[in-house]
Amino acid sequence: MNVSDILFYFLSALAIGSAILVVISRSPIYSVLWLIVTFFAISGHYIMMNAQFLGIVNLIVYAGAIMVLFLFVIMLINLNTDAKPQKGKWLRLAGTVAGGCLLLVLVAALKNTEVKGMGVQVGTGDIGLINQLGKALFTEYVVPFEISSILFLSAMVGAVVIGKK
Amino acid sequence: MLRRSLASLGMTNTSSRHPEPSEASVRDRRRIKERIMENYLYLIPALPLAGFLILSLLGKNLSKNLIPVIGAGSVIGSAIAVILLAIQYDPENPVRQILWQWFSSEDLSVAISLSVDALTIVFLFVITFVGALIHIYSAAFMREDRDYARFFASMNLFICSMLLLVMADNLVLLYLGWEGVGLCSYLLIGFWYEKPENSRAANKAFTITRIGDTAMLIGLFMLFQEFRTLYIPDILNNVSQHFESGSATLTTIALLLVGGAVGKSAQLPLQSWLPDAMAGPSPVSALIHAATMVTAGVYLIARMHGIFVLSPEAMAIVAIIGAITLIIAGCSALVQTDIKRILAYSTISQIGYMFLALGVGAWSAAIFHFFTHAFFKALLFLAAGAIIESLHHEHSIFKMGGLRKKMPLIFYTFLAGAASLAALPFITSGFFSKEQILGYSFGAVNGNPILWVVGITGAFITAIYTTRLMVVVFWGEEKTHVSHLPGPAMTLPLVVLAILSIAVGFIEWPHNLMHVAVFSDYVQNVLPATVERENIAPPLVLQGIAIFMTLFGIYVGYMNCYRKPIWKANNYQTPLFQSLRNFWFKGWLFDDLYNNVFVKPFLFITTVNRKDIIDKIYTGISNGASQLHRMFSVSQNGSLRWYIGGVLAGILIIVTIQMIV
Amino acid sequence: MSNEQLLALLPFMVLAGASIVVILMIAARLSHTAIQVAGFLMLCFTVLAMGYVRDILPQEILPLFIIDGFAALYTGVIIFSVGVVGLLSYIYFEEREENPKEYYILLFLATLGAAVLTISRHFVSLFLGLEILSVSLYALIAYLRNRNNAIESGLKYLILAALTSAFLLLGMALFYMETGSMEFNAIGQKLAGSDPGVLFKLGLALMVVAIGFKLALVPFHLWAADVYQGAPAPVTAFIATASKVGVFAVLMRFSLAVNLQQSEFLLNVFSGIAIASMILGNILALRQQNIKRLLAYSSIAHLGYLIVAFLPGTREGIEASVFYLFAYAITILSAFGIVTILSTRMKDAEDLSVYRGLFWRKPLLAAVLAVSLFSLAGIPLTAGFFAKFIVLLTGANYNLWLPVIVLVLTSVIGLYYYLRIISTLFASAPAAEPRHKPLHPFFHFVTYATLFVLMVMICVLGVFPGPAIEGIRQFLMIR
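Residue numbers (numbering that gives the first Met the number 0), protein chains in the order written: chain A, 0 to 164; chain B, 0 to 660; chain C, 0 to 478.
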């Protein structure tokens with residue numbers, strides 16, 4: 000077990016653990032903070048796969064911009080303890096059972112799979128590099144790249160429509 | 000095409016016989032004649048149909064003067080068309096007009112097509128001519144009625160359906176006309192629907208005739224199954240190649256057709272609706288329930304004669320039905336008190352004679368009797384209607400009396416009709432037609448002495464009840480005041496019909512007396528000639544006996560109803576006499592019989608099954624569905640968590656199944 | 000990318016351009032009427048562009064898109080639906096006087112999303128199309144935010160769509176893991192010959208979630224009634240037609256590429272979903288008093304019927320499904336058209352009591368609604384009957400007896416609630432309400448004319464379906 004493996008398992012455990020904490024935290028602020036930790040862990044994975052650009056972009060956009068936005072929104076609407084939705088005990092139990100069942104079933108389904116020689120080669124590959132990414136985006140995937148801009152347009156218009164006084 | 004080629008064939012024959020004169024002109028004349036006839040054939044049913052449409056759509060907005068003009072005018076128009084057609088009619092060339100293809104499936108293709116041959120012309124003439132007279136009569140008779148337009152609309156629709164029935168050359172169209180007349184009969188019996196018993200009578204007539212119609216429909220299905228066509232000439236031409244004489248299938252078909260015929264023609268065992276059908280206005284009784292519709296059964300059997308000729312059993316059954324019916328109905332007529340019911344029973348009895356004639360193979364005699372009967376029975380009903388109207392709607396003959404002096408015109412016309420009904424020798428049409436039937440019931444191949452004796456007895460009974468009717472109504476003292484006398488619109492048809500009921504007989508004499516056979520010659524191309532047996536009693540003797548029985552019947556009637564009325568005699572009150580009278584009065588209790596055998600068990604079943612076991616299944620389904628609806632509606636509770644739960648459950652189910660499989 | 004490939008994308012570019020045009024017109028403060036007219040013209044241009052590029056089809060734009068007859072047909076149905084929705088929208092939004100203009104941007108963007116789905120042959124384009132559609136729909140559903148249910152139903156749709164999109168992404172990742180490709184054909188080739196592995200099946204099961212959600216198939220249907228009710232009537236019409244057509248198109252293309260129907264298991268899953276949808280949709284609609292909810296349940300059942308045509312995965316199945324979707328689109332559009340036109344400023348005409356005695360007040364509208372309900376119920380001589388009939392025929396040809404029998408039985412149940420509404424239409428009328436003058440006589444006329452044309456189309460397709468079927472066949476030849 001070399002350093003990469005240790006790092007991989009550490010990052011994975013961090014990602015899963017913090018993701019669980021996002022869900023079970025009582026305060027939304029904590030949830031957002033744990034989410035930031037999750038994003039950091041995922042960026043770590045990107046970097047390990049030699050996709051530094053993606054890793055950095057992930058940090059800047061999600062952990063940086065979006066999460067800060069989230070924090071501000073939560074602080075602005077000022078969720079205090081009274082406004083917190085009262086979840087029943089049974090409901091929580093049911094949610095846990097349902098989620099657990101899903102996890103169980105997915106794990107059971109996937110445990111016997113063999114990946115057909117497509118395992119990720121840690122530390123190699125060049126698709127995540129800025130050069131390759133740019134080439135792919137502007138040649139082969141130019142149409143979806145353009146279309147995704149339309150997706151943002153529609154999100155923008157939607158936000159304006161809903162939000163404007 | 001076929002007809003064209005036939006015509007050209009006929010033309011070749013003519014030209015070979017007369018080579019010189021006018022080959023072209025003969026051809027031209029034929030073609031022109033053909034074309035003219037073809038061109039107005041459709042008018043005959045279309046005119047009354049147009050009348051019906053106008054009257055039923057605009058009826059409420061038309062003036063009282065215009066309604067009879069349209070109603071009667073359309074029928075008169077089609078009567079004129081029929082007369083023109085009859086003048087031009089060439090027995091060698093039956094006319095056919097295909098209007099359009101009605102429908103066409105794999106091997107059943109039905110055209111709306113009209114055909115006219117001699118048999119049809121006889122019926123056409125009666126329907127339109129008598130129909131026109133009755134329409135004229137009705138114009139005055141129904142004038143005060145609220146539903147004047149509805150009356151004429153229904154009458155016109157009836158005429159149209161009846162014309163379709165007799166002009167149809169395929170059985171589907173015939174069946175359409177058949178059901179059409181049934182519908183109109185229902186509408187007109189229940190014309191005064193506000194009285195519940197009238198509606199009941201209409202329902203009864205409709206229901207009972209439906210039984211026969213159903214049998215007939217099954218017969219049509221079987222015919223189609225055997226011949227793969229319902230075009231009548233094809234069936235008649237092929238039937239002898241298709242079946243041997245006496246084949247069971249053919250007999251079944253024939254009997255099913257007879258089932259339809261007895262329903263419509265009020266013969267045993269489906270006769271009980273006709274007396275009740277007198278609930279309709281008198282012109283309706285005259286037109287539908289005496290002259291035309293009730294003889295549709297006779298028409299059907301005569302039209303499908305090819306089938307019956309090959310089935311002696313069916314012929315015998317027809318003859319027996321006719322014989323029994325004529326006696327039963329005659330006896331019932333003896334004791335009735337309602338003038339229209341007497342006439343109704345006599346109608347059943349007279350149609351019984353026609354069936355008897357058909358059964359023994361005397362085709363043209365049956366049609367001839369239909370022909371004469373239509374005139375005198377229509378006359379009797381119309382006259383009865385006039386009497387009833389003048390006597391404040393009094394139906395009972397025992398409350399009439401003495402009308403000979405008060406209503407002389409009605410008396411003389413009624414007398415002509417009654418004499419014809421009783422078959423007064425040599426001067427009435429009824430005599431000539433009935434004599435033929437009686438002669439053939441003895442002398443035809445299928446005839447036998449028993450049928451003849453029954454026929455003679457029937458003639459005797461007919462003479463008695465006719466005399467009874469005459470003397471009670473027209474002689475004696477006046478019992479009800481005559482309010483008014485019928486006007487010319489009502490008396491004119493009576494006079495015309497009276498002349499005809501006397502005169503039409505002379506076109507067909509008994510062949511041993513004088514050789515005049517206009518009628519049987521006319522229909523000989525259509526109907527097979529009657530085959531007579533060898534070595535039978537001389538016809539003169541038979542005729543003598545028949546004449547004697549008629550005169551004796553008149554004497555008995557005169558003695559028992561006028562000189563010493565039997566209902567005043569001492570022994571009339573004895574239980575035996577009374578129960579017999581009751582038995583006959585109620586039409587041999589057929590209504591009670593059917594009531595006990597069919598209606599009561601049915602009612603019993605429906606009472607037991609009041610909650611309808613079969614229906615339970617359906618209500619169960621619908622209740623179950625609404626239960627399920629209520630159950631599943633709970634899932635639509637609007638809670639987002641619940642919805643997400645639903646999605647997760649879906650995933651779980653699918654993935655789990657995937658793992659198991 | 001060659002010129003021809005670029006040209007083949009022209010209709011989609013026009014659609015995208017249309018939204019930009021509307022944005023610019025809003026910026027220039029042009030009136031609602033002008034925007035409506037411009038929008039309609041842009042749609043006409045799209046149709047013209049489709050006709051123009053028809054001859055150069057099919058065009059593949061590797062690796063993401065393929066523009067062939069199949070795509071043209073489904074896009075055609077989408078454009079047709081949007082055209083009708085656009086025509087219906089004018090009066091609806093004009094009467095509400097709540098900035099109706101941005102609505103058209105979103106409508107065009109959603110249309111583009113649905114249209115992109117029809118030409119996708121790659122997970123990336125599938126996801127993009129689906130997201131454009133969904134994101135536009137969130138805003139469209141919540142568009143009239145001052146109404147009670149609008150925000151609520153928009154949020155419900157948002158959360159559920161996000162959830163199912165997550166599952167879709169997981170499914171795609173599993174596919175990629177199994178086959179190393181995200182292109183439909185490549186996946187199909189990788190899988191050909193070998194037994195589909197667990198990853199494939201699991202991935203597909205997860206994808207079914209997202210597709211089933213968009214098509215509102217049981218058990219992912221729970222949102223349908225709430226969203227149909229909460230959304231403005233024209234948007235509901237859009238959800239019921241265009242969005243479903245697009246998603247169904249991509250489902251069909253994917254399943255054809257990977258030979259989905261070869262797998263016994265997936266066939267069973269889809270027939271199970273179809274049967275459940277037919278039964279539940281019809282039963283839920285049974286005693287429903289809210290006509291928008293009722294149509295939502297009826298659309299669940301109808302998508303169930305449609306899946307029966309999808310099951311065989313053959314050319315007949317495609318033909319039947321295209322015809323079915325077209326007939327269904329016409330029918331449901333005319334039904335929602337009536338709802339739209341009867342809606343008042345305060346409230347959509349969703350309560351059944353609004354329709355009591357409609358025939359005596361507005362015979363034309365009642366006739367259109369009656370015909371469309373007859374068509375939904377599958378009464379002969381309507382398009383709906385013939386559509387259902389060929390679906391039935393396709394199913395019977397491939398011995399899918401259980402779904403076929405369920406289809407027939409549930410159609411009978413369905414008859415009940417359609418006839419219930421129709422009988423309401425002819426019930427004795429309440430006191431006539433005062434007639435208020437229509438705000439825009441011209442557009443009222445246009446709306447009525449549109450509805451009338453739709454009714455005539457329902458009848459014509461029901462009586463002479465031959466030419467339409469022939470046209471569909473010819474388009475499907477372009478491949």
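The beta-carbon is built from N, C-alpha and C at its ideal position, and this holds for glycine as well.
- request: Could you have a look at D347/C and say whether DSSP puts it in helix, strand or coil?
  value: Coil at D347/C, not helix or strand.
C-alpha gap between S331/B and I300/B, whole angstroms: If you take the alpha carbons of S331/B and I300/B, they lie about 26 Å apart.
- prompt: Would you call the CB atoms of Q266/B and G296/B closer than 9 Å?
  reply: yes
Beta-carbon neighbours of P143/A, restricted to chain C and to distances below 7 Å: L63, V123, S124, L127
query: If you compare alpha carbons, which of A109/C, L408/C, L106/C, A232/C is closest to Y91/C?
result: A232/C
message: Please tell me whether S164/C and L129/C are closer than 9 Å, where the distance is taken between their beta carbons.
response: yes
message: The beta strand (DSSP E) that contains W101/B, what's its start and end?
response: 94-103
query: Going by other Cβ atoms of all chains shown within 10 Å of its Cβ, with 16 needed for buried, is N147/C buried or exposed?
result: When all chains shown are included, N147/C counts as exposed.
field: CB-CB length for V134/C against L150/A, believed under 8 Å
entry: About 6 Å separates the CB atoms of V134/C and L150/A; that is less than 8 Å, so the two are in contact.
message: If we require 4 or more residues per run, which alpha helix (DSSP H) segments fall completely within the stretch 591-625 of chain B?
response: 599-607
task: Kindly say whether A154/A, judged by its beta-carbon, lies nearer than 9 Å to any beta-carbon of chain B.
output: no
query: Do you know offhand how far Y147/B's Cα is from V453/B's?
result: Rounded to whole angstroms, Y147/B and V453/B show a C-alpha spacing of 44 Å.
- request: Mind listing the chain B neighbours of F253/C? Cutoff is C-beta to C-beta under 9 Å, in chain order.
  value: Ordered by position in chain B, no residue passes the 9 Å Cβ test against F253/C, which lies about 17 Å from the chain.
query: First and last residue of the alpha helix (DSSP H) that includes V74/B?
result: 65-87
Beta carbon proximity, V159/A to chain C, threshold 9 Å: yes
field: From K339/B, T324/B, Q335/B, residue whose alpha carbon lies closest to that of M353/B
entry: T324/B
- prompt: Taking only beta-carbon atoms, is L662/B less than 9 Å away from chain A?
  reply: Residue 662/B is absent from the model: chain B starts at 0 and stops at 660.
query: How about Y415/C: is its C-beta nearer than 9 Å to some C-beta of chain B?
result: yes
task: Taking C-beta pairs closer than 7 Å, name the residues in chain C that A108/A reaches, listed in chain order.
output: V197, L201
query: Tell me which same chain residues have a C-beta within less than 8 Å of the C-beta of A662/B, skipping the five on either side of it?
result: Because chain B here runs from 0 to 660, residue 662/B falls outside it and cannot be looked at.
- request: Please go through the stretch 372-438 of chain C and give each complete alpha helix (DSSP H) segment of 4 or more residues, from N-terminal end onward.
  value: Correct list: 382-396, 400-424.
Contact set between the stretch 147-175 of chain C and chain B, restricted to residues whose Cβ is under 9 Å from the partner: E151, L154, K155, I158, L159, L162, T163, F166
query: Helix or strand or just coil, what does DSSP make of Q287/C?
result: coil
task: Please list the partners that H628/B has in chain C, where partner means a Cβ-to-Cβ separation under 7 Å.
output: I282, L283, L285, R286
message: Could you tell me the alpha carbon to alpha carbon distance between T208/B and S625/B, rounded to whole angstroms?
response: 43 Å
- request: Step through the CB atoms of chain A and report whether any lies within less than 9 Å of the CB of V654/B.
  value: Taking Cβ atoms only, chain A reaches closer than 9 Å to V654/B, which makes this a yes.
- prompt: Near V115/B, which residues of its chain fall below 6 Å by C-beta distance, leaving aside the five closest residues on each side in sequence?
  reply: V94
task: Check each candidate in W222/C, H121/C, V455/C, Y156/C and name the one with the smallest Cα separation from A172/C.
output: Answer by Cα proximity: H121/C.
Per-residue contacts from I350/B into chain C (C-beta, under 8 Å): Residues of chain C passing the Cβ test: none, with the nearest at roughly 45 Å.
- prompt: Do A522/C and Y417/C have their C-beta atoms closer together than 9 Å?
  reply: No answer is possible for residue 522/C: it lies beyond the span of chain C, which begins at 0 and ends at 478.
query: Short check: CB of L187/B to CB of V125/B, under 9 Å?
result: no
- prompt: According to the neighbour-count rule (16 or more other Cβ atoms, all chains shown, within 10 Å of its Cβ), is M476/C buried or exposed?
  reply: Classification for M476/C: exposed.
query: Any C-beta of chain B sitting closer than 9 Å to the C-beta of I22/C?
result: no
- prompt: Is D67/C buried or exposed, if buried means 16 or more other CB atoms sit within 10 Å of its CB?
  reply: buried
- prompt: Any idea what DSSP makes of L113/B, helix, strand or coil?
  reply: strand
task: Show which residues of chain B have a CB atom less than 7 Å away from the CB atom of V31/A.
output: Result: empty, since nearest Cβ-Cβ is about 21 Å, beyond 7 Å.
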